[in-house]
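Working notes, structure below.
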Amino acid sequence: MSTMAYVYRFKELVLKPSFIIPLVIFVGMIIYAFVYPLTLTINPGRWYYAPIAQPPSLKHPFGTTSTGQDVFLLVPIALRNTITISFVAAVISVLIAWGIGSVAALSQSQAMRTALLTLTDIICVLPGLPILMVIFFTWRDYLTIPLIGVIMGLLGWGFTARAVYSILYSLRHRTFVLTSYFTGLAMYKIVLKDFIPYLLRYLIINIVGTMMWAMGNEVTASIFGAMKMEEVTIGTTIHWAMYYQALLLGIWWWLAMPIIFLVIFVLSLYILMIEIDKYIFARARVTWG
Amino acid sequence: MHPLIKYVLQRVALALLVVWVGITITFILSRLMPFNAAELFISRMLAQGHSLTGEEIENMKKQILELYGLDKPIIVQYAIFLRNYMITGEMGPSFAFFPSNVKDIIGKALPWSITLLLLASVISWLVGNGLGVVAALTKHRKISSVLENIAIAFQPIPFAVLALSFLIFYLLVLKLPIPGAAFVSITSPFEMFIYMLRRASFPLLVLVLFGWFGGFVGMKAIALKMREEDFIVYAFLQGASTRSIRFMIFRNSILPQFTTLVLGISRVFVGSLLVEYIFNYPGIGYILQSAIANADYNLMLGILFFATVATAVAALILDLVYPLIDPRIRYPGQG
Amino acid sequence: MGVKIVSEIIIVNNLDGGYEVYVGGKRRVFVHAVDNVSLILRSNEVLGIAGESGCGKSTLAKMIYGAIIPPLVVRSGSIKLQTRKGNFVELNKLSIEEMRKKIWWTEISYIPQNSMNILNPLKRIKDQFINVFKYHDMNIDKEEVMKYIKDTLISLSLPLEVINAYPHQLSGGMRQRVVIALSLLFNPRIVIADEPTTAVDVVTQRIILSLIKEWREKNKSSLILISHDMSVHAYMDNRVAIMYAGNIVEIGEIFELFKEPLHPYTRALIESLIRKGDKTLRKGLPGLPPDLTNPPPGCRFHPRCPYAMDICRREVPPATTLGRDRYVKCWLYTGRG
């Protein structure tokens, strides 16, 4: 590597506004969703502890709902539950996807590869959301927030597995891997040295991508009412707002606040992912020459 | 065997497999329900106070018990279930739309849903890919970067959130009415189709408006690479006009993107369920909402099955179109 | 009248250019791929351009062809073409649009390197031919065109089924013959062939070269042949120019040049060829061609030259003319060394 090469330093990443600003927003959101509710003495999900349908004011900065809930207290709980669901779903589905994708790509057996790829194709084409909605609705009394995530994860790994398969499959035939192999490096060392840094990028992208998919499913299923409706999530909050005709009655804040917070959270997470990805990519290029 | 026949058989087999997996999941869910769906149905029917004679109740009970066949071994139940769903189409009565049958209700909604689903996937895919090529080839850097920033900002946001935000914006900020289509007397299938298109236009608009980002991002990357391909450079040196070259790049880049169209159908389906419900479009999404609101399990299971069939068929259609646009599938080469 | 005199149909004068690369919108790197090159091409002759990969020969070919689009730029010099009417046009002053309409394929044509992807994979061979007619706004009568294509295919000894085939159904050699047929479609007066036989096997290489040779002799066209392979030049050329790091270091009639190579680089190229009956070990030239973003001062060849002197490191050698068609750029022949 010549000395001219541009090295992307960690310090540079940390000082970048396009990294700092979403990071601050992201951390703020996490505190608002996970720490702030711990300080509350009431359960914000309960009905009629606040005046009904008040527009945003000093006392209720985000307004109140027709069911007598304070939106400022409701949003963090909803955000917390939706983030938890999507994170659990992402971890489960990425684990499955990586298992299936890597076995399909690295296995020597053609039959195994065909079987796993066919399974992946089926999972991709199957309409996941209607299945999830029937499950959520039928077993709504038995669901917990993490369990919702687990069920989503079990059905949501198709696209990730496909991506993992093609990445690993091409990686396996890359020159730098072959070079390592022919120079006598042990297979596990090849995996550690050549694969892991490369795959780390995709792991982050997969997790964030699946989280967004799961959030979408949570919101959509809840709008249909196929969810444990007593739990406060972004989706169920929207459902109740629509159920009580919030838009027609002009109680826009009931609908807008959860949406705005979800969007800000998603965008900050996404931009962080892009910046971290750029950083890992630049570093990886330097070490591989 | 001709490779084309092999390809078609493979795709049909995959579609059948998807349908079989879908029906099996439906069966498993119906047997695992934490209550007896047949008895629940009858007791709720009675509680609703439908004026049914004793004989009618007995008849219905028999019909439902037969449908579920709960007194038989599980393998036999599965066989009956397969027969009912795949051959006779007998899925029992619906609670929400009593006394209609699940089969009829879904049968009416399905053409609407398939029309919307196919139109939405194909149009948003074409729009996304078209814009992707424009962004990759345009000399106006500004257009390209504006499009790119929009795609990056909107892509990660769940479709449900985008659709609702659009609805809020449309109703509260623009203060516009949601266009519907007045029902007109329909005498021919063609008029029916035109009516369908008119009803579909607004849901379609929303689906396309927020559905092109993925295609755009993928296409832009592919088209940028395609520009450097040998045959494009050769065509340029031959004296091909800029327009011919652009078209050539588009035509060639769109092929690898076709897979994303097929695999994206199930994602578009989720979006279309939602907009059908929000905009009262009489498709699967609309009746699914009624099924859930009325705890109509028969209808839900039926929808689940047909949703699988719908996506499998849509994917199959697109799969079968593929050889028409790629000669390399039609005439496998020597090297 | 009637007496065909040999005339110069392309005159390249002090051509200088390369690739301008923008890094991050500001830092500018200039790859000086063509440095002060002068050449002439006569009617009815084959001019070879030889040199290692990365010496700028393909860039020179692109410039002469007139495909000067960024990042490729011409900084100075001129390329003049004598048209069929006899007047000269300066190619580097024409816009791409004018080149496309008036020059390309009708006056000057181009045979690219063979590759898997050289033909649009989605078009049948006949459509690839029809497209070329369309690009040049030719009024085409479908039947006439088909007959014309068929004749061309027969003359290239390609089976007629090729006409309805897609490129991926053809072998590498057949594909390259189709490409040559496309390039020679309008019987151009000048053809630039850029490594036309790279990536085909030796037998096919011979067939393809013979095809080009026959066609050229029949049409009395001129050919600029770019190749790194000196044996290809020996088979095809009337004259050959040796290029090194953006300079033409030697030019000469092909037999003279092979008989008595003057420039140390030319000698190295010819010595690396296998000769009948010669059993000594082939000598390779040590080292690599220089980085054209930052070429060495003086003679660009001096870091690899076994005869390098002090002056070679300081000053660029002038062209020393030795006879009508022969010059060399080397301090060994200036009488000053």
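So the sequence lines, in the order shown, correspond to chains A, B and C.
Here my numbering runs 6 ahead of the position in the first sequence, where the first position is 1.
Here my numbering runs 5 ahead of the position in the second sequence, where the first position is 1.
Here my numbering runs 1148 ahead of the position in the third sequence, where the first position is 1.
Cβ coordinates follow ideal geometry from the N, Cα and C atoms, glycine included.
Since this is a predicted model, take the numbers as computed values, not measurements.
- Rounded to whole angstroms, the separation of the alpha carbons of N1162 of chain C and T185 of chain A is 45 Å.
- Of all residues in the segment 74 to 104 of chain B, none is placed with a Cβ closer than 9 Å to any Cβ belonging to chain C.
- Contact annotation for W258 of chain A against chain B: I173, L177 [CB-CB distance below 8 Å, chain order].
- Under DSSP, G107 of chain A shares a beta bridge with no residue.
- In the structure shown, the three-state DSSP call for G133 of chain B is helix.
- Counting the other Cβ atoms within 10 Å of the Cβ of D1426 of chain C gives fewer than 16, which makes it exposed.
- Sequence-distant partners of Y327 of chain B (beyond 5 residues in either direction) whose C-beta falls short of 7 Å from its own C-beta, in its chain, are F263, I334.
- By the criterion of a C-beta distance shorter than 6 Å, A169 of chain A is surrounded by no residue of its chain, once the five residues flanking it on both sides are discounted.
- Per DSSP, the continuous alpha helix (DSSP H) segment holding R36 of chain B begins and ends at 8 to 37.
- Within the same chain, and ignoring the five residues on either side of Y1413 of chain C in sequence, the residues whose Cβ sits closer than 6 Å to its Cβ are Y1392, V1397, F1449.
- Identification of chain B residues near W1252 of chain C by a Cβ-Cβ cut-off of 9 Å yields L242, Q243, G244, ordered along the chain.
- Three or more pairs of CB atoms, one per stretch, sit closer than 8 Å, so the segment 1366 to 1381 of chain C contacts the segment 1192 to 1210 of chain C.
- When the five nearest sequence neighbours on each side are left out, the beta carbons in the same chain lying within less than 6 Å of the beta carbon of A1456 of chain C are those of H1450, in order along the chain.
- For L64 of chain A, the closest C-alpha among the options A:D76, A:S72, A:Y54, A:Y55 is that of A:D76.
- Around S1201 of chain C, no beta-carbon contact reaches into chain B at under 7 Å, the shortest distance being about 17 Å.
- Between the beta-carbon of A101 of chain B and that of N299 of chain B there is about 4 Å, and that keeps the pair under the 8 Å contact cut.
- Remark: three or more beta-carbon pairs, one from each stretch, lie closer than 8 Å, so the segment 1240 to 1260 of chain C and the segment 1327 to 1335 of chain C are flagged as touching.
- Annotation: the continuous alpha helix (DSSP H) that includes Y83 of chain B extends over 79 to 87.
- D1342 of chain C: not part of any alpha helix (DSSP H); member of the beta strand (DSSP E) spanning 1338 to 1342, first to last residue.
- For A158 of chain B, no beta strand (DSSP E) encloses it; the enclosing alpha helix (DSSP H) starts and ends at 146 to 159.
- In this structure L172 of chain B does not touch I297 of chain B by the C-beta definition: roughly 20 Å separates them, more than the 8 Å allowed.
- Two segments are said to touch when three or more pairs of C-beta atoms, one from each, lie closer than 8 Å; by this definition the segment 1261 to 1276 of chain C touches the segment 219 to 236 of chain B.
- Looking at the DSSP output, R1176 of chain C bridges to C:Y1170.
- Look at E234 of chain B: its C-beta is under 8 Å from a C-beta on chain C.
- Assignment of S1379 of chain C by DSSP, reduced to helix, strand and coil, places it in the helix class.
- Under the Cβ criterion of 8 Å, Y1170 of chain C is not counted among the residues facing chain B.
- Contact check for P67 of chain A against Y38 of chain A fails: the beta carbons are separated by 8 Å or more.
- The three-state reading of DSSP puts R1232 of chain C in coil, since its state is none of H, G, I, E or B.
- Close to Q262 of chain B, with beta-carbon spacing below 8 Å, lies no residue of chain A; the smallest spacing is near 15 Å.
- N1161 of chain C has C:S1226 as its beta-bridge partners, per DSSP.
- The alpha carbon of L260 of chain B has as its nearest neighbour, out of B:R88, B:V26, B:V138, B:V24, the alpha carbon of B:V138.
- Linking V13 of chain B to L132 of chain A through their CA atoms gives a straight-line distance of about 20 Å.
- Using a Cβ-Cβ cut-off of 7 Å, M231 of chain B is close to nothing in chain C; its nearest Cβ partner there is about 10 Å away.
- Under the DSSP assignment, M118 of chain A falls outside any beta strand (DSSP E), being part of the alpha helix (DSSP H) whose first and last residues are 116 to 131.
- The Cβ atoms of R178 of chain A and A111 of chain A lie closer than 8 Å to each other.
- Taking a C-beta distance under 8 Å as the contact criterion, L275 of chain A and V214 of chain A qualify as a contact pair.
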